[in-house]
Structure formats: structure tokens, C-alpha cells
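Enquirer: Structure below; questions to follow.
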Amino acid sequence: MIKFYYTPSCTSCRKAKVWLENHNLEYTEHNLFADPLTEEEIGELLAKTENGTEDLISTRSQAFKNLNVNVEDMTVKEWTKFISQHPELLRRPLLVKGPQLQAGFNEDQLRSFFSREYRQIELQETKSAVA
135 MIKFYYTPSC
145 TSCRKAKVWL
155 ENHNLEYTEH
165 NLFADPLTEE
175 EIGELLAKTE
185 NGTEDLISTR
195 SQAFKNLNVN
205 VEDMTVKEWT
215 KFISQHPELL
225 RRPLLVKGPQ
235 LQAGFNEDQL
245 RSFFSREYRQ
255 IELQETKSAV
265 A
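Residue numbers (the numbering used here): 135 to 265.
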């Protein structure tokens, strides 16, 4: 089962939700603002990243720039606590499937993120639409 972490005001989150629904993928939703992540949950997400904190933090966001902090100097415990207090800094949407994590919305990355089975379904749908 896919876990979909989002915020309602996020355009990329809305696009990802439509993409998931259009591809008939089952998922559970987790609103990051209505139900903030615990430090433990943030640590679990961090463990799924390929590049550590940079995969999860939206460094281009105004919220990040306004806080003026250097997350690279933080320990993992400090970082998870900091993010639990500032969930607006997380890249969104976050999609989790087993041990895998996809941060942000990019259709090409989503296609490769999901199993071959789903990509084959998408190919069949594309062929049907063209025919």
C-alpha cells in the first residue's frame, strides 16, 4: 500500500493525487498539517532516502529561507525534532511504498517509482488511447 503525505494547499500534492487516481493506485492519505509527523516517523522517512536530509527538505521554500538555519550542522535527533516542529519544510508530496520514498511530484520519476506492473498498465492505456 502506498502512503501519500500531502498538504491541501500544495499544487504538486494535488497533481500527485490526480496521478495516483488516474492510475488506479490504492493509497492512504496523511495530511502533514492536520496530523503532523512524529520525530520517529520523520526518522523512518529519513531512513528511506538516498541522499539523506536533502531529499526531504525544501531548501528553495520561503519558509526554509525565513528560518535561516543550517540543517547540515544538526544531528539526526536535532533534525527530526526540528522538522517535527516545522513540517512546512518537508518536500511535498511524499510517497512511500515499502522501503522506497519519492519526494516531490515528477511524472517521470513516479513512473519509475512504481512497479513494472503499473508501468505496463499505463502503457496499455496509452496504446488504447492512441488506437
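Here a beta-carbon is modelled for each residue, glycine too, at the ideal position from N, C-alpha and C.
CB-CB under 6 Å to F167, same chain, minus the five flanking residues each way: which ones, in chain order?
Expert: T141
Enquirer: As a quick exercise: from P221, E184 and F248, pick the residue whose alpha carbon is nearest that of L171.
Expert: Nearest in C-alpha terms to L171, of all of P221, E184 and F248, is P221.
Enquirer: By the DSSP assignment, the alpha helix (DSSP H) with N156 in it spans what residues?
Expert: T145 to N156
Enquirer: For T260, does the three-state DSSP call read helix, strand or coil?
Expert: helix
Enquirer: CB V230 to CB K151, shorter than 7 Å?
Expert: no
Enquirer: For a quick check, are the C-beta atoms of S287 and E173 less than 7 Å apart?
Expert: This structure leaves residue 287 out entirely; the chain is present only between 135 and 265.
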